[in-house]
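Chemist: First, the structure itself, so that you have it in front of you.
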Amino acid sequence: MECKSCGAPLGKDEIAIYKRLVDRGAPDGDCVCKSCLAARLMVPVEAIDAKIEHFKSIGCTLFK
Ligand SMILES: [Zn+2]
């Protein structure tokens, strides 16, 4: 799977955080990498990493 926006390889966590923050029903092919997601949400990439850790820590099912 690749970022829809920049073509970078997408990690499992990046697909999950896109779904969690943008559109839970999005197909994997619509997902973007965390750099593009951060730019889109106008937050630093570190904020996306923190969100990933947060949702993992609360046991969000998207991050299995
Ligand atoms: Zn990207």
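Start counting the sequence shown at 788; every next residue gets the next number (this note's numbering). Even for Gly, the Cβ is constructed at its ideal location relative to N, Cα and C. Quick caveat, the model's predicted, so the values are computed rather than measured.
What are the residues that DSSP puts in a beta bridge with residue 796?
Modeler: DSSP, once it has assigned bridges, lists 789 as partnering residue 796.
Chemist: Under the assumption that residue 802 contacts residue 818 (Cβ atoms under 8 Å), give the Cβ distance between them as a whole number of angstroms.
Modeler: Between residue 818 and residue 802 the Cβ distance is about 5 Å, and since that is below 8 Å, they are a contact.
Chemist: On a CA-only basis, which of 812, 821, 811 is nearest residue 794? Give me that one, please.
Modeler: For the residues 812, 821, 811, the minimum Cα distance to residue 794 belongs to 821.
Chemist: Assign residue 845 to buried or exposed, taking buried as 16 or more other Cβ atoms, counted over all protein chains shown, within 10 Å of its Cβ.
Modeler: Exposed, by the Cβ-count rule.
Chemist: Kindly indicate which three-state DSSP category residue 851 falls into: helix, strand or coil?
Modeler: Residue 851: coil per DSSP, three-state reduction.
Chemist: May I have the straight-line CA-CA distance separating residue 790 from residue 835, to the nearest angstrom?
Modeler: Going from the Cα of residue 790 to the Cα of residue 835 covers about 15 Å.
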